[in-house]
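Below is one structure, written out as structure tokens, with a few remarks after it.
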Amino acid sequence: MDAFYRETWAEINLDHIFCNVSTIKETLPPTKQLIAVVKANAYGHGDVQVARTALEAGASMLAVATLDEAISLRKRDIEAPIIILGAVPPQFVYLAIKYNIILTVYSSEWLRTAQKVVPRTEAVQFHLKLDTGMGRLGLRTEEEIEEFFTLLQETPHFKLTGVFTHFATADELDQGYYEQQYHRFQKLIGYIKEKGIEPGLVHCGNSASLLRFPNDEFDAVRLGISMYGLTPSTEMKSLIPIQLKPAYSLHTKIVHVKKIEKGTSVSYGATYTSEQEEWIATLPIGYADGWMRRMQNFYVLVDGQKSPIVGRVCMDQCMIKIPYELPIGTQVTLIGKQEAEEITMEQVADHSNTINYEIPCVITNRMPKVFIRNGEQVEVYNGLSHLE
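Numbering (UniProt numbering), first residue to last: 1 to 388.
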């Protein structure tokens with residue numbers, strides 16, 4: 001295990017991830033495959049550890065965003081199929097071949113460029129991306145599809161193994177735009193089949209749509225945010241048919257305590273001034289860890305109580321007002337449960353005027369991670385251990 005030498009850490013409960021994946025898998029038709037999305041270091045949870053857990057729980061494929069992420073998994077002995085959902089520069093396709101990685105192809109222009117750099121002796125697996133209304137990558141019309149498959153006939157070493165799209169509003173209560181995209185995808189898949197082309201693995205469902213509409217007619221779903229025990233949106237909380245278990249919690253310990261007099265200012269800019277005698281504790285976490293300056297005026301849990309963050313969050317530290325003198329080394333919870341209280345990822349996101357997806361993603365690599373499996377600590381990851 002990689003040791004760490006600070007009193008701030010994230011705790012990743014792999015048991016909860018296993019439970020979320022296996023429970024969601026049980027809600028799907030038995031023939032439908034589950035693709036575990038572990039991009040962005042598994043939404044900040046740890047890509048290798050989450051990937052292994054998701055595969056154990058019933059996922060049959062992994063999805064990442066970049067070639068670097070895919071190669072990193074391969075180098076850690078992950079052998080399951082991996083698809084890259086984002087754009088890979090054609091000049092690096094040879095690495096996808098080397099590491100047996102499935103690419104996303106999204107335009108005829110990309111394919112023309114790749115033709116020039118990929119030898120015909122090499123087989124390239126890819127899924128075709130269709131843009132049904134997200135406005136990112138993908139072919140949009142039957143005419144574009146016609147052009148693409150005409151070009152593909154000239155490159156038989158590019159092997160189509162799947163077709164997919166991505167929903168823009170599946171996490172919203174209004175289903176109108178989702179239904180437009182779904183029907184558009186149905187139509188384009190039908191057009192591909194009418195041309196005598198076997199599309200391979202067809203998938204469109206993300207966390208939001210698979211939880212709300214688990215019986216779509218296609219072959220696979222992509223499980224992202226809900227694998228980590230988080231809801232795709234606050235609007236969806238009442239619509240989710242299962243109890244998700246959050247896997248991420250964030251902790252630190254008090255390193256200094258002082259009593260300040262009335263009228264004493266705290267932190268940069270003197271934006272907080274005490275109105276009476278107060279106990280102030282210093283925590284060794286700051287915006288360089290991803291605990292952003294905007295967390296000022298939020299709160300943490302200490303001794304089972306809510307304690308407000310006072311003054312501006314510094315790069316490496318922040319201060320809290322505690323109800324009474326507490327000993328140095330007292331554990332503080334920034335995300336997660338402590339006694340009867342809980343701070344959820346959604347509450348942190350609401351205070352930050354963002355979405356729950358962003359919070360674990362912006363916690364930086366210098367934050368140590370402690371992984372829990374079968375109720376026990378099984379691994380510690382120190383993102384700075386390479387500096388030793």
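We put the CB at the ideal spot given by N, CA and C, even for glycine.
Sorted by chain position, which residues of the same chain lie with C-beta nearer than 6 Å to residue i's C-beta, five sequence neighbours on each side aside?
i      : result
VAL117 : PRO90 and GLN91
SER60  : GLN33
PRO360 : TYR43, GLY44 and TYR248
LEU250 : ALA10, LEU334 and ILE335
SER209 : PHE167 and ALA170
TYR99  : ILE71 and ARG74
ASP216 : GLY205
LEU211 : ILE240
HIS16  : GLY229, LYS245 and ALA247
LEU289 : It is Asp, not Leu, that sits at residue 289 in the sequence shown. Cβ neighbours of ASP289 beyond the five flanking positions: THR364 and MET367.
LEU387 : Here LEU387 scores only 49 on pLDDT, less than 50, and its place in the model should not be relied on; the value that follows carries that caveat. Nothing listed; no residue qualifies.
ALA114 : PRO90 and VAL93
How big is the Cα-Cα spacing for residue i and residue j?
i      : j      : result
GLU7   : THR252 : 5 Å
GLN175 : THR66  : 30 Å
HIS127 : ALA170 : 22 Å
GLY304 : GLU172 : 35 Å
VAL105 : VAL380 : 37 Å
HIS166 : GLY329 : 46 Å
ARG366 : GLN377 : 19 Å
ALA54  : VAL302 : 33 Å
PRO284 : LEU130 : 46 Å
GLU358 : GLN347 : 12 Å
LEU151 : ASP68  : 28 Å
MET1   : ASN374 : For MET1, the predicted model reports a pLDDT of 48, less than 50, meaning its position is unreliable; a value from the coordinates is still stated below. The straight-line gap from Cα to Cα measures roughly 17 Å.
GLY58  : VAL332 : 35 Å
GLU143 : ASP47  : 38 Å
TRP291 : GLU146 : 49 Å
MET295 : GLN338 : 19 Å
LEU230 : THR364 : 20 Å
ASN13  : LEU244 : 13 Å
PHE148 : GLU109 : 9 Å
LEU28  : HIS256 : 51 Å
PHE218 : ILE240 : 21 Å
VAL362 : GLU154 : 43 Å
ARG222 : PRO214 : 11 Å
PRO30  : ALA220 : 11 Å
THR282 : ALA270 : 16 Å
Whole-angstrom Cβ separation of residue i and residue j, contact assumed at under 8 Å?
i      : j      : result
TYR177 : GLY133 : 7 Å
ILE97  : GLU122 : 5 Å
LEU73  : ILE82  : 6 Å
ILE78  : LEU103 : Not quite, the Cβ-Cβ distance comes to about 17 Å (not below 8 Å), so this is no contact.
MET227 : ALA36  : 6 Å
PHE158 : LEU111 : 7 Å
THR23  : ILE343 : At roughly 24 Å, the Cβ-Cβ gap does not stay under 8 Å, so THR23 and ILE343 are not in contact.
VAL64  : VAL93  : With a Cβ gap of about 16 Å, VAL64 and VAL93 do not count as contacting.
Can you find the residues in the same chain that come closer than 7 Å, C-beta to C-beta, to residue i, ignoring five residues on each side of it along the sequence?
i      : result
ARG293 : TYR287, ARG312 and VAL313
TYR299 : LYS306, SER307, PRO308 and ILE309
GLN180 : GLY133
VAL266 : TYR272, ILE280, VAL310, GLY311 and MET319
ILE189 : VAL163, PRO199 and VAL202
ARG120 : HIS157
ALA340 : GLY304
VAL88  : LEU67, ALA96 and LEU103
From this set, the options, which residue's C-alpha is nearest residue i's C-alpha?
i      : options                           : result
LYS25  : GLU69, GLU179, GLU339 and SER207  : SER207
GLU198 : LYS187, GLN338 and THR161         : THR161
TRP279 : THR53, GLN49, THR264 and LEU55    : THR264
TYR182 : GLY190, VAL163, CYS204 and GLY200 : CYS204
LEU326 : GLU217, ILE254, ILE343 and ILE260 : ILE254
GLY383 : ARG212, ASN13 and ASN41           : ASN41
TYR268 : MET315, ASP289, PRO246 and GLU261 : MET315
CYS19  : PHE149, MET295, PRO246 and THR141 : PRO246
ILE225 : TYR5, ALA3, VAL50 and THR27       : VAL50
LYS39  : THR27, THR31 and ALA70            : ALA70
ARG52  : ARG76, PRO30 and LEU211           : ARG76
THR141 : THR282, LYS187, ALA3 and ILE101   : LYS187
ASN297 : ILE101, SER107, HIS351 and THR282 : HIS351
ILE101 : GLY86, THR113 and ARG136          : GLY86
ARG136 : SER107, ALA114 and GLN115         : SER107
Take residue i and list the residues in its own chain whose beta-carbon comes closer than 8 Å to its own, dropping the five residues that flank it on each side.
i      : result
LYS259 : GLU277, GLU278, TRP279, ILE280 and GLU325
ILE355 : SER233 and ALA349
GLU261 : SER274 and GLU277
ALA80  : ALA51, LEU55, ALA59, SER60, MET61 and LEU62
PRO323 : TRP279, ASP303, GLN305 and SER307
VAL21  : LEU34, ALA36, THR53, ALA54, ALA57, GLY58, ALA59, LEU223 and MET227
Give a single yes or no on whether residue i has its beta carbon closer than 7 Å to a heavy atom of the ligand HEM.
i      : result
VAL302 : For the ligand HEM, the structure offers nothing, since it holds no ligand at all.
Count the CB pairs spanning the region 369 to 376 and the region 315 to 333 that are closer than 8 Å, and state whether there are at least three. Contact between the region 369 to 376 and the region 315 to 333 is absent, because fewer than three Cβ pairs lie under 8 Å.
Practice problem: Please determine if the region 190 to 203 and the region 234 to 242 are in contact, where contact requires at least 3 C-beta pairs separated by less than 8 Å. | Solution: no
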